[in-house]
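Have a look at the structure below, then the notes.
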Amino acid sequence: MPTIELKKATKRYRTEQGWLEAVSSVDLTIQQGEFVFVVGSSGAGKSTLLQLIAGQLRADEGLVLLDGVNVAPLPLFPVAKVRRNFGYVAQESHLMRRRTIYENLIMVARTSGLTRAKKLMERTLKALSIVGLGDMGEKYPGELSIGQARRVELARALINSPPILVLDELTANLDEDNIWDMMHVLSELNRGGTTVVMATHASMIVNIMHRRVVTLVDGRIAGDVVGGRYGEIKGRKSKYTLPH
Ligand code: ADP
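Counting in numbering that gives the first Met the number 0, the sequence shown runs from 0 upward without gaps.
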């Protein structure tokens with residue numbers, strides 16, 4: 000049961016105006032099976048925090064651990080095995096436009112070491128059927144609606160059955176029906192034990208879903224409320240968050 004732990008994690012970017020601290024000394028613990036919304040205004044540090052959690056970025060200070068193992072890539076090291084625990088969906092699409100959906104997904108399935116064509120196809124079909132797109136494999140990304148494309152991104156993240164999903168604005172630009180279809184899929188996966196960490200601006204879903212809500216302001220955690228509402232910073236604190 001992998002536990003995610005951030006200990007005084009800090010990430011800075013070099014900008015024309017000097018160094019900018021996008022995530023500042025964040026302490027956060029997420030247990031396996033939790034459903035966590037990460038909210039905050041644009042530029043608050045949500046994407047950076049998610050990339051730190053999923054091992055896409057390395058903290059400049061502090062630690063990001065999965066069951067005590069550092070998740071971030073070391074310079075010159077191949078992608079760490081620990082990263083395979085995370086299914087990560089970035090804000091921008093990672094689908095290759097000249098490849099079919101099957102081909103896109105099979106490429107990711109191969110990274111788990113699978114080579115047999117039949118197994119690769121089975122896995123791809125399973126991931127697509129979880130997101131309700133079992134019949135879309137032959138299409139190209141450009142032929143999909145925005146909602147379908149985001150669901151394919153989710154299938155791509157799911158393909159190797161990771162215990163943890165880290166999702167950056169997965170529901171951005173979707174209409175309400177598509178948002179709820181997506182939330183239904185995520186709720187089912189979470190019910191099955193998958194951890195979901197999701198950055199979003201969609202206050203409506205946060206308020207209705209009533210899950211743990213971590214609010215970021217200027218790269219710091221301003222609120223961490225279980226069963227919270229969008230932007231709520233006071234309430235029942237998560238028992239998992241370490242005292243500052
Ligand atoms: P959010 O997801 O909440 O909008 P981000 O994590 O994307 O926040 O960004 C936090 C801050 O870091 C913002 O001020 C943003 O402009 C800055 N930032 C993000 N990525 C980079 C980068 N690659 N280089 C320089 N600054 C960045």
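By construction, the Cβ of each residue, glycine as well, lies at the ideal position given by its N, Cα and C atoms.
Is it right to say residue i is buried, meaning 16 or more other beta carbons lie within 10 angstroms of its own, or is it exposed?
{"i": "Gly136", "result": "buried"}
{"i": "Thr246", "result": "Nothing can be reported for residue 246, as the shown portion of the chain is limited to 0 through 243."}
{"i": "Thr14", "result": "exposed"}
{"i": "Met95", "result": "exposed"}
{"i": "Arg190", "result": "exposed"}
{"i": "Gly112", "result": "exposed"}
{"i": "Glu33", "result": "buried"}
{"i": "Val68", "result": "exposed"}
{"i": "Asn84", "result": "buried"}
{"i": "Thr55", "result": "First, the amino acid is wrong: residue 55 is Gln here, not Thr. Label assigned to Gln55: buried."}
{"i": "Ala116", "result": "exposed"}
{"i": "Ile207", "result": "exposed"}
{"i": "Met181", "result": "buried"}
{"i": "Glu175", "result": "exposed"}
{"i": "Gly227", "result": "buried"}
{"i": "Pro1", "result": "buried"}
{"i": "Leu80", "result": "The question names Leu, but residue 80 in the sequence shown is Lys. Counting Cβ neighbours within 10 Å, Lys80 comes out exposed, since fewer than 16 surround it."}
Return the residue from the list the options that minimises the CA-CA distance to residue i.
{"i": "Arg98", "options": "Gly141, Trp18, Arg82, Ala89", "result": "Gly141"}
{"i": "Ala8", "options": "Thr14, Leu19, Ser23", "result": "Ser23"}
{"i": "Ser41", "options": "Ser160, Asp217, Val225", "result": "Asp217"}
{"i": "Leu143", "options": "Asn189, Leu166, Ser92", "result": "Ser92"}
{"i": "Ala89", "options": "Glu4, Lys6, Ala201, Leu164", "result": "Leu164"}
{"i": "Ala43", "options": "Arg150, Leu173, His200", "result": "His200"}
{"i": "Gly285", "options": "Pro162, Trp179, Glu121", "result": "Because residue 285 is not part of the residues shown, which for the chain are 0 to 243, the question remains open."}
{"i": "Leu157", "options": "Tyr12, Val107, Asn177", "result": "Val107"}
{"i": "Asn103", "options": "Tyr139, Arg82, Gly86", "result": "Tyr139"}
Based on the DSSP secondary-structure assignment, which residues constitute the bridge partners of residue i?
{"i": "Leu215", "result": "Ile220"}
{"i": "Trp18", "result": "Arg13"}
{"i": "Tyr87", "result": "Val165"}
{"i": "Lys117", "result": "BP columns for Lys117 are empty, so no partner."}
{"i": "Lys6", "result": "Leu62"}
{"i": "Met197", "result": "Phe36, Leu166"}
{"i": "Leu27", "result": "Leu5"}
{"i": "Val68", "result": "Leu65"}
Using 8 Å for Cβ pairs, my map puts residue i next to residue j. What's the rounded Cβ distance?
{"i": "Ile220", "j": "Leu62", "result": "With a Cβ gap of about 16 Å, Ile220 and Leu62 do not count as contacting."}
{"i": "Ser153", "j": "Val184", "result": "The question names Ser, but residue 153 is Leu in the sequence shown. The pair is a contact, with the Cβ atoms about 7 Å apart (cut-off 8 Å)."}
{"i": "Leu49", "j": "Asp167", "result": "5 Å"}
{"i": "Gly146", "j": "Leu173", "result": "5 Å"}
| Runs of beta strand (DSSP E) wholly within the region 92-157 (minimum 3 residues, chain order) | Those beta strand (DSSP E) runs which fall completely within the region 92-157 and span 3+ residues do not exist here.
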